[in-house]
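Take a look at the structure set out below.
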Amino acid sequence: MSAKAPRRYHMISWVAKRYNIHPQTLRLYEREGLIRPARSEGNTRLYDEATCERLEFILTLTRDMGVNLAGVEVILRMKDQIDALQAEVSRLAEALERELAKKGGVAREHALVPRPYHGLVRSEDE
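In this note's numbering, the protein residues as written are -5 to 120.
Written as C-alpha cells, this is what we have:
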C-alpha cells in the first residue's frame, strides 16, 4: 500500500530565484491568469510542482520562442483543452474496455492474432 507523497510548495522568492525571474513577473503572470498559485492561510503565494512546470512552459514560450503574453494565453488555453480531451478519451477507452470485458470480448492487446508473414501474401505455389 503506497501513500501519496505530500505536496511540496515553494514560496515566491524560491521560485523567482530558481527560474531567474523577478517576483513581480510571477505576480503579473498570476494577474494575467497564466498561473494560479495556491495561497496559505496568511495569503502567501505557494507554488506546487504543477505550477512550476506550467511556469517553465511559459518561460520557454517567452524566452526561447519569443511568444508574447497574449500568445502564451492562447497556447495555454489550447493546451488545457487538449489535456482535458486526452483525459476524456482515456476515460472513455477505459469504460469501453470494462464494458468489453463484461461482455466477454477480447481485450485490445489480444485482439490481433499473430500470423507468419509468409501466410499474409499469396505465393505462386498456393
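Glycine included, C-beta positions come from ideal geometry on N, C-alpha and C.
Being a predicted model, the structure only gives us computed values, none of them experimental.
Compute the Euclidean distance between the alpha carbons of residue 19 and residue 88, then round it to the nearest angstrom.
Pairing residue 19 with residue 88, the inter-Cα distance amounts to about 41 angstroms.
Starting from residue 3, trace the alpha helix (DSSP H) in both directions and tell me its first and last residue.
Careful: residue 3 lies outside any alpha helix (DSSP H) and carries neither H nor E.
Please say whether residue 48 and residue 69 have beta carbons closer to each other than 7 angstroms?
Cβ distance not < 7 angstroms, so residue 69 and residue 48 don't count as in contact.
Quick one: is residue 31 buried, meaning 16 or more other Cβ sit within 10 Å of its Cβ, or exposed?
Residue 31 is buried by the Cβ-count criterion.
Go to residue 40, then tell me how far its alpha helix (DSSP H) extends in each direction, as first and last residue.
No alpha helix (DSSP H) contains residue 40, which is instead part of the beta strand (DSSP E) from 39 to 41.
Residue 62 versus residue 97: straight-line alpha-carbon distance, rounded
If you take the alpha carbons of residue 62 and residue 97, they lie about 52 angstroms apart.
Return the chain-ordered list of same chain residues with a C-beta closer than 6 angstroms to the C-beta of residue 6, the five sequence neighbours on each side being excluded.
Excluding sequence neighbours, residue 6 sits near 17, 20, 39.
To which residues of the same chain is residue 1 closer than 7 angstroms at the C-beta, ignoring the five residues directly before and after it?
Scanning its chain for C-beta atoms nearer than 7 angstroms, with the 5 sequence neighbours on each side dropped, one finds around residue 1 the residues 42, in chain order.
Give a yes or no on whether the C-beta atoms belonging to residue 76 and residue 66 are separated by under 7 angstroms.
For residue 76 and residue 66, no; Cβs fall outside 7 angstroms.
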